[in-house]
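Enquirer: This is the structure I have questions about; it appears just below.
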Amino acid sequence: MLTLALLREKTEDVKKGLAVKNFNQPELVDEIIKLDDDRKALQRDRDEAQMQMNKASKEIGAAFKSGDKAKAEELKAETAKLKEDIKALSEKHDAALEAMNKKLILLPNMPHSSVKPGKSEEDNENIHQEGEIPEFSFKALPHWEITERHDIIDFELGNKITGAGFPVYKGKGAKLQRALISFFLDRATEAGYLEIQPPLVINEDSGYGTGQLPDKDGQMYAIPEDKLFLIPTAEVPVTNIYRNVMLKEDELPKKNTAYSACFRREAGSYGKDVRGLNRLHQFDKVEIVQIVHPEKSYEVLEEMREHVAGLLRELKLPFRILRLCGGDTSFTAALTYDFEVFSAAQKRWLEVSSVSNFESFQANRMKLRFKDKEGNTSLLHTLNGSALALPRILASLLENYQTESGVIIPEVLIPYTRFDEI
RNA sequence: GGAGAAAUGGCAGAGUGGUCGAAUGCGGCGGUCUUGAAAACCGUUGACCUUCACGGGUCCGGGGGUUCGAAUCCCUCUUUCUCCGCCA
Numbered sequence: 002m003l004t005l006a007l008l009r010e011k012t013e014d015v016k017k018g019l020a021v022k023n024f025n026q027p028e029l030v031d032e033i034i035k036l037d038d039d040r041k042a043l044q045r046d047r048d049e050a051q052m053q054m055n056k057a058s059k060e061i062g063a064a065f066k067s068g069d070k071a072k073a074e075e076l077k078a079e080t081a082k083l084k085e086d087i088k089a090l091s092e093k094h095d096a097a098l099e100a101m102n103k104k105l106i107l108l109p110n111m112p113h114s115s116v117k118p119g120k121s122e123e124d125n126e127n128i129h130q131e132g133e134i135p136e137f138s139f140k141a142l143p144h145w146e147i148t149e150r151h152d153i154i155d156f157e158l159g160n161k162i163t164g165a166g167f168p169v170y171k172g173k174g175a176k177l178q179r180a181l182i183s184f185f186l187d188r189a190t191e192a193g194y195l196e197i198q199p200p201l202v203i204n205e206d207s208g209y210g211t212g213q214l215p216d217k218d219g220q221m222y223a224i225p226e227d228k229l230f231l232i233p234t235a236e237v238p239v240t241n242i243y244r245n246v247m248l249k250e251d252e253l254p255k256k257n258t259a260y261s262a263c264f265r266r267e268a269g270s271y272g273k274d275v276r277g278l279n280r281l282h283q284f285d286k287v288e289i290v291q292i293v294h295p296e297k298s299y300e301v302l303e304e305m306r307e308h309v310a311g312l313l314r315e316l317k318l319p320f321r322i323l324r325l326c327g328g329d330t331s332f333t334a335a336l337t338y339d340f341e342v343f344s345a346a347q348k349r350w351l352e353v354s355s356v357s358n359f360e361s362f363q364a365n366r367m368k369l370r371f372k373d374k375e376g377n378t379s380l381l382h383t384l385n386g387s388a389l390a391l392p393r394i395l396a397s398l399l400e401n402y403q404t405e406s407g408v409i410i411p412e413v414l415i416p417y418t419r420f421d422e423i
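If you read the first sequence in our numbering, its first letter stands for residue 2, the second for the next number, and so on.
Right, here's the structure in full:
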């Protein structure tokens with residue numbers, strides 16, 4: 002959620018920024034400011050009435066104490082009108098506040114100045130590419146054939162137990178997955194992140210805090226009976242650790258990492274994109290989250306980007322980094338880098354990580370603030386990134402590292418898998 | 001799942017209808033003293049909204065109610081603790 006101060010001070014800049022994100026209701030900004038003006042006027046009136054009421058109550062109390070019952074009763078009669086006024090003004094005030102908030106949460110985050118306009122993923126900017134794309138002297142198999150040949154991931158079995166998009170990992174497939182999780186968590190720990198095991202189920206307040214609610218609930222699996230949701234990413238429970246929190250400046254930065262299963266309904270997905278491990282309803286991911294001083298967040302974004310790049314380098318997977326255009330940058334993000342690995346048999350780039358700076362957008366919703374040395378409070382900045390999402394890493398590992406007879410395990414993973422080929 | 005008790009400032013813990021945003025202690029910050037530190041002593045120490053400012057308003061787990069007036073009474077939800085039951 003954008004701050005009212007920003008809307009007021011930089012009204013035109015905000016409108017321009019939102020246009021980069023293809024947000025087409027600039028008039029909302031003016032409406033919000035107008036509603037806030039109304040609200041302030043109503044608050045002044047209500048506070049004035051409340052003050053008189055408080056004064057009268059004290060006088061009544063004093064009258065009773067001094068035994069002047071008649072005077073007390075007289076004063077009491079006078080408060081009736083005040084009471085009505087306060088009630089009416091309060092209701093109007095609350096209505097204006099609610100109307101304003103309803104509109105305010107419709108505004109997406111402002112994009113960073115480096116974000117270029119654009120409609121979709123086609124307009125994303127390729128800013129970096131490295132690693133060698135493997136060549137095969139034999140016919141390379143897509144990962145879903147490799148997994149079937151070696152019986153390490155069973156998609157059919159998942160269909161039986163749950164439905165499409167819930168594969169069953171078996172034997173070396175399960176172990177390779179576990180190895181990757183441990184590898185990623187260890188690297189995050191070495192980089193100073195505190196490992197967290199969060200709940201996989203969240204309440205409405207948490208969904209609201211990170212922006213999945215109120216209007217993206219269609220992407221989450223819900224448990225309506227308990228008003229709970231399965232997490233779409235560990236970002237949600239981990240960032241919500243800091244909901245309604247006041248940190249001290251010297252506690253910054255807060256660095257957390259978490260492995261979790263992630264659940265996504267992926268309503269509207271279809272076609273070849275969903276083949277094999279490319280798009281699942283349940284998948285594993287290691288997430289990194291940082292809560293930082295507002296002046297440091299872009300520096301930290303680069304640090305996180307470098308962390309993710311380092312993982313892919315160690316796995317020796319060819320990858321590229323995209324700076325997302327306005328249209329593809331999520332509602333809550335100011336700047337996002339996507340990481341894609343090349344999957345050698347499908348001959349496709351697969352998204353394996355998304356690293357974003359949310360600036361104060363989430364912090365404002367969550368009331369996540371810090372107190373500086375002068376005692377002033379201000380909003381913190383939040384960032385997160387996948388480091389990394391497992392299924393597509395697994396897909397490209399299987400495809401890129403395949404031999405005619407099997408799959409070689411990347412060297413850095415062997416201490417974790419304790420086998421060197423499949 | 002059943003029965004009971006509780007939820008107050010960073011922490012501990014008073015406060016059962018009236019100048020209570022809240023005693024006291026600890027902790028934090030500033031100062032006196034000291035070569036320095038400790039101890040002692042003095043002062044200070046929550047958030048939010050509003051105002052150019054003075055000031056005003058709100059907040060004692062969340063929500064609602066009674067009352068001229070609620071931390072205090074009532075309803076409800078949540079959480080914690082104790083006992084019983086069940087259980088990885």
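Every residue gets a Cβ at the ideal spot worked out from N, C-alpha and C, and that includes glycine.
(1) Under DSSP, the alpha helix (DSSP H) around T190 begins and ends at which residues?
(2) List the endpoints of the continuous beta strand (DSSP E) containing M2.
(3) What did DSSP end up calling N160 once you bin it into helix, strand or coil?
(4) Taking the C-alpha atoms as reference points, what is the distance between L312 and D39?
(5) Using C-beta distances below 8 angstroms, list every residue in its chain close to S425, excluding the 5 sequence neighbours before and after it, in chain order.
(6) Across the segment 296-312 and the segment 79-95, are there enough close Cβ pairs to call them in contact, namely three or more that are closer than 8 angstroms?
(7) Kindly indicate which residue of Q178, F362, M52 and S114 has the alpha-carbon position closest to the one of G18.
(8) Taking C-alpha atoms, which residue in P319, T378, N55 and A364 lies nearest to L398?
(9) Mind checking which residues open and close the alpha helix (DSSP H) that includes Y417?
(10) Taking the alpha carbon of V275 as the point to measure from, which residue in A50, I128 and F167 has its own alpha carbon closest?
(11) What does DSSP give as the partner residue(s) for Y170 in the beta ladder?
(12) What are the boundary residues of the alpha helix (DSSP H) that I410 is part of?
(13) If you follow the beta strand (DSSP E) that A262 is in, where does it begin and where does it stop?
(14) Looking only at C-alpha atoms, which of N257, H282 and T190 sits nearest to F264?
(15) Based on the DSSP output, what are the partners of L339 in its beta bridges?
(16) Quick one: residues in its chain with C-beta nearer than 7 angstroms to the C-beta of Q178, no 5 flanking neighbours on either side, listed in chain order?
(17) Just checking, does the segment 214-230 make contact with the segment 149-164 on the three C-beta pairs under 8 angstroms criterion?
(18) Which first and last residues belong to the beta strand (DSSP E) in which D285 is found?
(19) I need the DSSP call for R349, collapsed to helix, strand or coil.
(20) Measuring alpha carbon to alpha carbon, tell me which residue in S331, A73, L36 and H144 is nearest K120.
(21) Does DSSP put T211 in a helix, a strand or coil?
(22) Measure from the alpha carbon of D373 to the alpha carbon of each residue in N279, P295, T4 and K72, then state which is nearest.
(23) Determine the burial state of N377: buried for a count of at least 16 other Cβ atoms within 10 Å of its Cβ, exposed for fewer.
Expert: Let's see:
(1) K173 to E191
(2) Neither: M2 is in no beta strand (DSSP E) and is coded neither H nor E.
(3) helix
(4) 52 angstroms
(5) Outside the shown range of the chain (2 to 423) lies residue 425, about which nothing can therefore be said.
(6) no
(7) S114
(8) P319
(9) I415 to T418
(10) F167
(11) I154
(12) Unbroken run through I410: none, as it is neither H nor E.
(13) K255 to F264
(14) H282
(15) Checking the displayed sequence, the identity of residue 339 turns out to be Asp instead of Leu. According to DSSP, which records beta bridges pairwise, D339 is partnered with L323 and S355.
(16) Y170, D285, L391 and L395
(17) no
(18) Q283 to V293
(19) strand
(20) S331
(21) helix
(22) P295
(23) exposed
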